[in-house]
Amino acid sequence: MSGPEPHLVEILLARGFVAIELAAAFDCFRIANRLAGRERFRTRLVSIEGGASLPSLGGIEVATEGLGPDLPDLLIVTGGAGMVRAQPVFLPRLHRVRYAGGVALVLSDAAQALLTAGATDSAAIHWEGRPSLKRRGWATKARTRFTPGPAAF
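Anchor point for the sequence shown: position 29 equals 383 in our numbering, and the numbering is continuous, going up by one each time.
Structure representation (structure tokens):
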């Protein structure tokens, strides 16, 4: 079965990335390819550090490629303290992807870093970051899907 070229998806990692974000994103495209019966999405794990083996927040090591000249159709920026510090490196790539007509998805504290730097007008953030944003006057520009508190079943 043939079809159009697969969409290029880059998952951008930095030291201390959040492993569950990587696993969730990567597995979605793996399942989509399996259901399609062909490669609809080509996934690359890339690093701001140029192809290093990176440890996650929990210590899981992942091999990555460097950022290449080809822009992805979808750029997923994972969270983690390393990504927050790497904003000057990943923000230009994010802008190039969007300018070229691609889509960028920025997760958890990486989204919070963009919001507080003024690089976006609003962001969906991890609920753990909301108190920090509230103290700094940014809470009105942030959305959370879930809030901490007693579970209702």
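A virtual CB, placed ideally from N, CA and C, is assigned to each residue, including glycine.
Please read all numbers here as calculations on a predicted model, not as lab measurements.
How about L421 and V400: do their beta carbons lie closer than 8 Å?
The answer is yes: Cβ separation under 8 Å.
Using the Cα positions of F371 and S407, report the straight-line distance between them to the nearest angstrom.
If you take the alpha carbons of F371 and S407, they lie about 12 Å apart.
Reduced DSSP category for A435 - H, G, I as helix; E, B as strand; rest coil
Three-state result, A435: helix.
Taking G436 and R384 to be in contact with their CB atoms under 8 Å, please state how far apart those CB atoms are, rounded to whole angstroms.
Incorrect: roughly 25 Å between the Cβ atoms, too far for contact.
Using a Cβ-Cβ cut-off of 8 Å (strictly less than) and excluding sequence neighbours within five positions of A454, which residues of its own chain qualify?
Cβ neighbours of A454 beyond the five flanking positions: L425.
Would you mind reading off the limits of the alpha helix (DSSP H) that contains P360?
Run containing P360: none; DSSP gives neither H nor E here.
Over what stretch of residues does the beta strand (DSSP E) that includes T397 continue unbroken?
T397 -> beta strand (DSSP E) spans F395 to S401.
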